[in-house]
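Residues in the sequence shown are numbered consecutively from 418, following the numbering used here.
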Amino acid sequence: ERKKNRKLEKELRRKEKALAEAAALLILQKKAQAIWGDEEDD
């Protein structure tokens with residue numbers, strides 16, 4: 418039971434980290450768009 422709990426906690430932390438990373442990327446993207454405008458050409 419204890420081992421299972423620890424495994425779940427580890428997984429949760431990993432997911433939270435990934436979520437925070439995705440959120441940070443999204444914010445950076447929005448800031449970049451605000452600075453350079455919406456240039457849709459790659």
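C-beta: ideal position from N, C-alpha, C; glycine also.
For E418, the secondary structure class from DSSP, reduced to helix, strand or coil, is coil.
When the five nearest sequence neighbours on each side are left out, no beta carbon in the same chain lies closer than 7 Å to the beta carbon of K427. Rounded to whole angstroms, the separation of the alpha carbons of Q450 and K421 is 44 Å. Distance from the CA of K432 to the CA of K448, rounded to the nearest whole angstrom, comes to 24 Å.
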